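Asker: What follows is a structure written as structure tokens; I'll ask about it next.
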Amino acid sequence: MSTKHEPTGLRANSVRTPGLIAQSLGADEPQLSAVVVVASVALFAGGATPAALLIAAIGIAGFLYLVAKFSAVVGDAGGLYTIATEGLGRRAGAVTGWFMVYGLVLIVPSLFIAAAFLTQAFFAAVTPGMTALSGQWIWWAVVLTTVGLFVVFRGVTVSVTLLLAMTFLGLTALLVFDLAILLQGGLEGIAWGSLLPWNLGGIGATALFAALGLAVYTFGGLEGSVYLAEEAEAPTRTVPRAVLISGGIASGFFILTALAVVSGYGTERVGEEWGTKVSGVLLELSDIYLFPGYGQFLLAMVALSGFSVAIANANSTVRLLYSWAQKGLLPRSLARSHPTHRTPHVATAVVAVAVAVAVVFFFAWQGGSAAGAFNSFTWLSLAGVFGEILAYLMVGVAGFVYGRRHGKGLLFTYVAPILCVTVMGLALVTYFVPAPPVAPFTWTPVVGAGLALVGGIYAVRASTREERGEALPTTLPVQESA
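Right under this line is the structure:
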């Protein structure tokens, strides 16, 4: 009888600061968010879109500051679950973890669907006659999901290297687009006034709340590097640094791109143009300020960014499931890591099943057109982001409680939590203001709230069992072989 000691756990010291930044930026994907997500902000804010993003960035800064400070104290794959546990205790931490679990499990399928319809839209623009490439998004969803989750399975070094390359390429391409418009002065000069926060006062209270709340969604995922803490080199130093650097890069990029598009169309037209054409503005403005063909290249970059954001969020999701299983809150099998690649391979398989179910269901419901895929993406992401926003709120509360308990000072205890809770509360309001969502999104807030409630109860009960010692052990036994 011999004993074979196979490595368990994740691969430590395998990710450095650039890789962590790539994970955080990849989970947010500025080039996708700056065009597609900000279009919804422009629909309400119009020419004041840059100001709405600037205000949202200030609020998000409070959240990211708390995440960075907590990451200097705790460091495992649990991310916001671990942070909330540190600040609020096991039960509240478990509830926060559940908000992120169900949020990410819904968001990851939505992102692979988004990557699929963006790829479909790209081929529809460049090869309109080839319906095999642009007719049905489901085949792109199958291909991109298979490749993306294989990258996640192969290891964090592979995935963050790919994310770093795709993010750099996409950001550079969109930066050229931004500068081309601004250096030419736009339609009527650079719209510097659109950056002034008090300009939002002219759009009405209802539109103001909607614009600011939607702007918050633009920044979702920037905390993504915290889920790689167990695999990071010197995590209590590199993870906080990556969170803050990523937040700064993304904020600057969103505001710059918004300023460029507003300047390109003019403050009077931009709301209708951007809000209705979405990524189509890349084609139109590139033809005006760059040259025909560059817009199609940018569409390819946006499609690529949809793929990379799906990979980054899958990275976060499988590690959160892995961490929960280690703590006894999910089945033990999810706490296994692959003996060669040292990745949560069982959790990755669970995510693959979730994506497959979502893709088949929404294809059957919404059809294979780009519009149907966009509806599917929106439905899943709205329901999932509901959970993420609740988790972000809990981090704000955790900062206040932890800061009071440990005497962390004014910024940590009061300023950052107030900014975080205010802006996240505003984001939740947008589910119902200016009006409840219309079909097919009527029930998305109800689904999000229902999952939060039911899963929150489960999380509290599972955490209670853990405290009583009834949960699963946190480590796996050494496997033996003859």
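Read left to right, the sequence shown gives residues 1352 to 1833 (the working numbering).
Where is the CB? At the ideal position from N, CA and C, for every residue including glycine.
Just so it is clear, the structure is predicted and the values come from calculations on it, not from any experiment.
CB-CB under 8 Å to I1554, same chain, minus the five flanking residues each way: which ones, in chain order?
Answerer: Here the question's residue 1554 lines up with position 203 in the sequence shown. Within the same chain, I1554 has close Cβ partners F1395, A1396, G1397, A1399, A1562.
Asker: For the alpha helix (DSSP H) holding D1638, just list the boundary residues, first then last.
Answerer: Start at 1 with the first residue of the sequence shown, and residue 1638 comes out as number 287. Looking at the DSSP string, the run of the alpha helix (DSSP H) that includes D1638 is 1631-1640.
Asker: Would you check if the distance between the CB atom of S1727 and the CB atom of A1709 is smaller than 9 Å?
Answerer: Taking the sequence shown and counting its residues from 1, the one referred to as residue 1727 is at position 376. Taking the sequence shown and counting its residues from 1, the one referred to as residue 1709 is at position 358. Yes, the pair counts as a contact, with Cβ atoms nearer than the cut-off.
Asker: From the DSSP output, in three-state form, read off A1423 for me.
Answerer: Stepping through the sequence shown from its first residue, residue 1423 is reached at position 72. A1423: coil per DSSP, three-state reduction.
Asker: Classify A1465 as helix, strand or coil using the three-state DSSP reduction.
Answerer: As a first step, residue 1465 is located in the sequence shown; it is residue number 114 there, counting from the start. A1465 falls in the helix class under three-state DSSP.
Asker: On a CA-only basis, which of S1597, W1730, T1668, T1436 is nearest A1698? Give me that one, please.
Answerer: By 1-based counting over the sequence shown, the position of residue 1698 is 347. The candidate whose alpha carbon is nearest that of A1698 is T1668.
Asker: Which value, in whole angstroms, describes the spacing of the CA atoms of L1361 and L1376?
Answerer: Position 10 of the sequence shown, counted from the start, is the residue given in the question as residue 1361. Position 25 of the sequence shown, counted from the start, is the residue given in the question as residue 1376. Using only the alpha carbons, I get a separation of about 22 Å.
Asker: What are the start and end residues of the alpha helix (DSSP H) that includes I1434?
Answerer: Residue mapping note: residue 1434 aligns to position 83 of the sequence shown, counting from 1. Run containing I1434: 1431-1439, per the alpha helix (DSSP H) assignment.
Asker: Take P1828 and list the residues in its own chain whose beta-carbon comes closer than 6 Å to its own, dropping the five residues that flank it on each side.
Answerer: For the purposes of this step, residue 1828 is taken as residue 477 along the sequence shown, with counting starting at 1. Here the model assigns P1828 a pLDDT of 36, short of 50, so the residue's position is not dependable and the matter cannot be decided.
Asker: What does the Cβ neighbour count give for T1826, buried or exposed, with the cut at 16 atoms within 10 Å?
Answerer: As a first step, residue 1826 must be located in the sequence shown, where it is residue number 475. Interpretation of T1826 is limited by its pLDDT of 38, a score under 50 that renders its predicted location unreliable; no figure is taken from the coordinates.
Asker: I'd like to confirm the pairing. Which residues does DSSP put opposite V1366 in its beta bridges?
Answerer: To locate residue 1366, count along the sequence shown from 1; it is residue 15. For V1366, which the question treats as bridged, DSSP gives the partners A1583.
Asker: Let me know the secondary structure DSSP gives P1358 once reduced to three states.
Answerer: Working through the sequence shown from its first residue, we reach residue 1358 at position 7. For P1358, the pLDDT reaches just 48, beneath the cut-off of 50, and the residue's location in the model is therefore unreliable, leaving the point undetermined.
Asker: State the start and end residues of the unbroken alpha helix (DSSP H) segment that holds S1510.
Answerer: Taking the first residue of the sequence shown as position 1, residue 1510 is located at position 159. Note, S1510: alpha helix (DSSP H), 1507-1534.
Asker: Span of the alpha helix (DSSP H) holding A1562?
Answerer: In the sequence shown, residue 1562 corresponds to position 211, counting from 1. Residues 1556-1568.
Asker: How is the alpha helix (DSSP H) around I1740 delimited, first residue to last?
Answerer: Here residue 1740 refers to the residue found at position 389 when the sequence shown is read from its first residue. Here the alpha helix (DSSP H) through I1740 covers 1721-1757.
Asker: Between F1504, A1492, L1650, which has its C-alpha nearest A1700's C-alpha?
Answerer: The count along the sequence shown starts at 1 and reaches residue 1700 at position 349. Considering only alpha carbons, the answer is F1504.
Asker: In the DSSP assignment, the alpha helix (DSSP H) including S1667 goes from what residue to what residue?
Answerer: Walking along the sequence shown from the start, residue 1667 turns up at place 316. It spans 1645-1677 - the alpha helix (DSSP H) in which S1667 sits, taken as one unbroken run.
Asker: Buried or exposed for P1824, going by 16 or more other Cβ atoms inside 10 Å?
Answerer: Position 473 of the sequence shown, counted from the start, is the residue given in the question as residue 1824. Reliability of the predicted coordinates at P1824 is poor, the pLDDT of 43 falling under 50, and the value obtained from them is presented with this limitation in mind. P1824 should be labelled exposed.
Asker: What does the alpha-carbon distance come out to for the pair R1620 and V1653?
Answerer: The residue labelled residue 1620 in the question sits at position 269 within the sequence shown. The residue labelled residue 1653 in the question sits at position 302 within the sequence shown. Approximately 23 Å between the Cα atoms of the pair.
Asker: Does the beta-carbon distance from V1327 to V1577 come in below 9 Å?
Answerer: Only positions 1352 to 1833 of the chain appear in the structure, and residue 1327 is not among them; the question remains open.
Asker: Comparing C-alpha positions only, which one of T1470, Q1471, V1594, I1606 sits nearest to D1529?
Answerer: Residue numbering aside, residue 1529 sits at position 178 when the sequence shown is read from its first letter. Measuring from the Cα of D1529, the nearest candidate turns out to be I1606.
Asker: State the DSSP-derived secondary structure class of Y1782, mapped to helix, strand or coil.
Answerer: Your numbering for residue 1782 matches position 431 in the sequence shown. Coil.
Asker: Mapping DSSP to helix, strand and coil, what is A1790?
Answerer: On the sequence shown, residue 1790 is found 439 positions in, with the first residue counted as 1. Coil.
Asker: What number of angstroms, rounded off, separates the C-alpha of F1474 from the C-alpha of S1659?
Answerer: Against the sequence shown, residue 1474 aligns to sequence position 123. Against the sequence shown, residue 1659 aligns to sequence position 308. So the alpha carbons of these two residues sit roughly 18 Å apart.
Asker: If we count the other Cβ atoms within 10 Å of its Cβ and call it buried at 16 or more, is W1449 buried or exposed?
Answerer: As a working mapping, residue 1449 is identified with position 98 in the sequence shown. Buried.
Asker: What are the start and end residues of the alpha helix (DSSP H) that includes T1478?
Answerer: Numbered from its first residue, the sequence shown carries residue 1478 at position 127. Looking at the DSSP string, T1478 is not in any alpha helix (DSSP H), and its letter there is neither H nor E.
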